[in-house]
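Just so we're aligned, residue 112 is where the sequence shown starts under this note's numbering, counting upward by one. For each residue, glycine too, the CB sits at the ideal point set by N, CA and C.
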Amino acid sequence: MATARADDFEGRLLPLLNDHCVGCHGDADANAGINFEQLATRSKWLDSPEHIQRVLKAIDNGAMPPEEEEPLNDAQRGAAVAILKTILRDATADVAPPQQPLNRLNRFQYNNTVRDLFQLNRDVFALPEKLMTRHDNYLQSSLRDAKQHTLPERVQVACNALSPLPGLEGVRPFPKDLRAEHGFDNQANQLTLSPLLLDAFLQLSVSIVESPDFNAESVGIWNDLFASPANGQDLPAIVRKRLEPFLRRAFRGHLDEATIDRYSSYMDAQLDAGVPFTDAMKKVAAAALSSPLFLYRSSLIDDDRSRQLTLGSRLSYFLWGSCPDDELLDLAGRGELLDSENLRRTVDRMLVDPKIERFLDSFPSQWMQLENLMAATPDPAINRYFSLDPETPASLQMVLEPLLLFDAVFVEDRPVTELISPSFSYQSEFLTTWYHSELQSPQVDEAAIVAKNEQRAERRRELRSRIEMHQEVLKTLEMPVREQILAVRRGSKGVETQLELKPLAAWEFNGNLRDAIGDLHLTAHGEVSYADGMVLLDKSYLLSEPLPVDLREKSLEVRFRIANLDQRGGGLMGIQGQGDFFDTIVIGERKNRHWISGSNGFKRTLDFDDSFEETVTDESLHLLMVYAEDGVTTLYRNGQPYGESFNKGRDTFPKDASKVIFGLRHLPPGGNRFLSVRIDQARLYDRALSAEEAAAAAAGDANFILTSELVAAMTEEQRSQREGLLMSIQETQEELASVPENIDLTQARETARKQYEEDLRRQLRGREFRRVALDDLRYGGIITNAAMASMTSGPRRTHPVARGVWITEVILNDPPAPPPNDVPPLNEEAGDQGLTIRERFAAHRQNPSCAGCHSKLDPLGFALENYDITGRWRETYENGRDVDVTGMLLRKYEFDNVVEFKASLVNEKRRFAEAFTAHLLRFALGRELHLRDTLVVDTILQRTTNDDYKLRTLIREVILSPAFQ
């Protein structure tokens, strides 16, 4: 065997290195510190295992020979890798395995351990690092199905990372643990225990047991540990009996008699000091939670029993993120856990236990570095929908897609390559919209709206014409009758002419508030009374029914008596619109005892020049305020102009939203707006009365005819004809009112936008994810999804280097060296804005210090350039240039698009399985991997090749490996 190995080295590997590598790695130029001329014998290689590892990795991933040299063919590379692995195995055969460091509990493990230890019904504290909350039990139901482990077609999940679910009241977690280079937070070299952190653990343990939420309803072991025993029992014996199983679980089986005695004595001392049993046991429990035996999940004792218990602890924290259960502790305590069959059965049991959810809550998100997505903040000017709802940004939906895929691959025990290119994905309604829609509000059909508006306008014109025709016929019918009535009145009064003013509404206040002409009846607000044909208002007001017409011009006529002229700001009669919109006859608001036309914010108000103080009290006064179409406002007092008219514009009071108001300046009632007054008569006109009409109205020479008078004077035929016309007018008016208003194009666009965004907000809050077949291979998998694309982008552009680094770290487990300190970052604003990102990087790559890494990273990152900063597909950049994703993977797979790129990675399934297994082993061990671990990974791959590197098979083999045990 030794001769064969020497022959492989001298006959196959050494010639290959001399032909392809010595030129860059010889005495003259030992690049990267490797000189093959000094490694001319197998024995010298055996003395340098670190060099073996570096060369093995460089040849395997295609980094050697460099790009400018002819690459090795597959046969050469395969032979070199196999020989180097053999040499590495021989070089490390006698090297002692790395010592497993002490592992402190991280936040996630601490929470789970305390929760399981006390059988709590909730988390101890908020856990923002938990990126997926499952709202149904699909894991348990799927794993229990012995015949076929399959995830349901629909699942209910959510990400609460930005607003995590609360834990016990008053309990605050210790700070987040540092992440190691590969993103894991369970690495021993990062989990230190400073004095400050130790003090935080002491305070945390006390706050847990003292929380008001820590009680018999929330603690499953309350009766077994904290409940006070019945009187007359042997307390020391009960204390010891209760503490032993509790401490055994808390300290993961590392429990001796001296430790039990110490905690029992502490409990006895508390009871002797008069502390109630429950409170004393809480103190003991808090002390246990701050013990190193609890905080550290491994032991320094190196005997067989301790090794078994440590293995049980390592196993439970790997798969369950928590302490071992009693079955696992019993098996380890009996020294039977290391038996291969027992270990296999235990692993199989643990993989289908509900607590396996904790593995799925920690390893996938940390391996894929998905927590970075929570910090993604794309520029709203580029994509405003990502943060449309700040409380539920798109990242909370995106992060769930790769996590659900990992759940499915785990539950269904699929090959890990399906993480890269699966045939299905779990997507929410939002993600389907995000990937496959234009992501913009639907276009308004402007031509259809214009046509509809014209149709409605034409219909309104027809109806108005019909109303005018009927009104003209009605006027022709009524005019002779009116003239007849007025002639009779003139004869009785001995006058030749008498004006008919035709008010819109008239109120006589003869014991009621009814409109004598139409339907603008009044309603009293507050107490009112009637006397001498007048209504008396005092801290009360009257309000009419809504106006049936728009008031563009108007006249307000009121005959009244007032006793107190110093009611500054009191309103006599006005029109009240919506809100504080009003025009009202007001006394003394600007000048004491002067009448004005009050309006909202004095918008349409000026003083009447040459006006005078009112002096008349308890006598009949007549005021008529006229608002003309041209904006001129005139007040007539007892038929004479009151000062000078003014023009400050006018506003239209819309029908159905405006009312007549008496005794109040404007709504709402209160303050100096009321007017104590007695009102005799009032009229409202929907036109501006002339000076002649104002004088006639004040003198009582004007007249109007009551409807009842008019009808009584008609013949039966006229009455019938009049009723028919009124009915036709009313029906036509109703039909006119039913014609919808014209659609405002701007408003239609705004409404469409608001409806679209509200629907997106609903989708952002959605919990249902459906299993969908991936017909379009551009999508799906842990590489080509919105989560990865968004978290590896900046606010304004994609970062191909960041994406390339993510591929090398997560997918290939071959992270690049940190960039040199003297290389300036890419200036995005400088230079030709017409260049593509690839062209901008071309100059950056010319720096010799950058070229090596960029030759490896750039093809990986640019392969994903079709995905913009939020993971949406694009064919061109904003400057109109085509996106170029062509490249070569590992110097052997050319690709023209991302589908070919993913296919190339799947072709290298052993390479990906190796990288994934190394990540998995590092997470399982909680430490960095060493040279011997490389061979452990290789052995695991050999044992799982025939099973196509299925996920649960890989997990099982990691546990069965010597490194784990």
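Residue range of the alpha helix (DSSP H) that includes residue i
i: F229; result: 218-229
i: T152; result: Neither: T152 is in no alpha helix (DSSP H) and is coded neither H nor E.
i: S476; result: 468-478
i: G189; result: 185-202
i: R1021; result: 1020-1036
i: F312; result: 306-321
i: R1063; result: 1062-1071
i: Y1136; result: Residue 1136 is absent from the structure shown; the chain starts at 112 and stops at 1076.
i: E438; result: 437-444
i: M509; result: 506-509
i: K393; result: 388-400
i: M461; result: 451-462
i: P286; result: First-last for P286: undefined, no H or E at that position.
i: V1048; result: 1042-1055
i: K352; result: 346-361
i: I170; result: 160-171
Environment of residue i [buried if 16+ CB atoms lie within 10 Å]
i: T857; result: exposed
i: E869; result: exposed
i: S409; result: buried
i: R525; result: buried
i: D556; result: exposed
i: E668; result: buried
i: N248; result: exposed
i: D206; result: The sequence as given places Val at residue 206; Asp does not occur at that position. V206 comes out exposed.
i: A598; result: exposed
i: M461; result: buried
i: P284; result: buried
i: H733; result: buried
i: D741; result: exposed
i: S849; result: exposed
i: K393; result: buried
i: K714; result: exposed
i: D158; result: exposed
i: G699; result: buried
i: G690; result: exposed
Identified DSSP bridge partners for residue i
i: V330; result: L231
i: D694; result: I686, S710
i: A617; result: R794
i: A642; result: M645
i: R669; result: Rather than Arg, the amino acid found at residue 669 in this sequence is Val. V669 pairs with L734, A793.
i: Q751; result: R748
i: T903; result: Answer by DSSP bridge pairing: none, since T903 is not bridged.
i: L662; result: F764
Residue span of the beta strand (DSSP E) that contains residue i, given as start and end
i: Q419; result: First-last for Q419: 415-430, but that is the alpha helix (DSSP H), not the beta strand (DSSP E).
i: F535; result: 535-539
i: H636; result: 633-636
i: F1006; result: 1004-1006
i: V266; result: 265-269
i: M999; result: 998-1000
i: S655; result: 652-655
Exercise for review: Answer yes if the stretch 779-792 comes into contact with the stretch 668-678, meaning at least three C-beta pairs across the two stretches below 8 Å, and no otherwise.
Suggested key: yes
Exercise for review: Flag this pair as touching only if the stretch 718-732 and the stretch 797-817 have three or more C-beta atom pairs under 8 Å; answer yes or no.
Suggested key: They do not touch, by the three-pair rule.
Check your understanding: Okay, do the stretch 570-586 and the stretch 524-535 touch, 3+ Cβ pairs below 8 Å being the bar?
Key -> no
Point to revise | Given 8 Å, three or more beta-carbon pairs between the stretch 975-983 and the stretch 898-911 | key: yes
Exercise for review: Report yes or no: do three or more beta-carbon pairs, one from the stretch 195-206 and one from the stretch 1040-1048, lie closer than 8 Å?
Suggested key: yes
Check your understanding: Between the stretch 490-499 and the stretch 452-460, are three or more C-beta pairs nearer than 8 Å?
Key -> no
Exercise for review: Output the residue ranges of the beta strand (DSSP E) runs that lie fully inside the stretch 756-808 and measure 3 residues or longer, sorted by chain position.
Suggested key: 770-773, 788-796
Point to revise | Every unbroken alpha helix (DSSP H) within the stretch 829-898, with a cutoff of 4 residues, ordered by chain | key: 856-875
Review point. On the three-pair Cβ rule with 8 Å, is the stretch 647-661 touching the stretch 752-768?
Key: yes
Practice item. Assess, as a yes-or-no matter, whether the stretch 266-275 is touched by the stretch 228-239 under the definition of 3 or more beta carbon pairs within less than 8 Å. Key: Note that the stretch 228-239 touches the stretch 266-275; at least 3 beta-carbon pairs, one per stretch, sit closer than 8 Å.
Review point. Are the stretch 391-402 and the stretch 307-318 touching, with three or more C-beta to C-beta distances below 8 Å?
Key: yes
Check your understanding: Counting pairs of beta carbons, one from the stretch 942-951 and one from the stretch 859-868, are three or more of them closer than 8 Å?
Key -> no
Exercise for review: Say whether the stretch 507-516 touches the stretch 466-485, bearing in mind that this needs 3 or more beta-carbon pairs closer than 8 Å, one atom from each stretch.
Suggested key: yes
Review point. At what residue ranges does the stretch 514-589 contain a whole run of the beta strand (DSSP E), taking only runs of 3 or more?
Key: 535-539
Exercise for review: Assess, as a yes-or-no matter, whether the stretch 987-1003 is touched by the stretch 163-179 under the definition of 3 or more beta carbon pairs within less than 8 Å.
Suggested key: Contact between the stretch 163-179 and the stretch 987-1003 is established, with three or more Cβ pairs separated by less than 8 Å.
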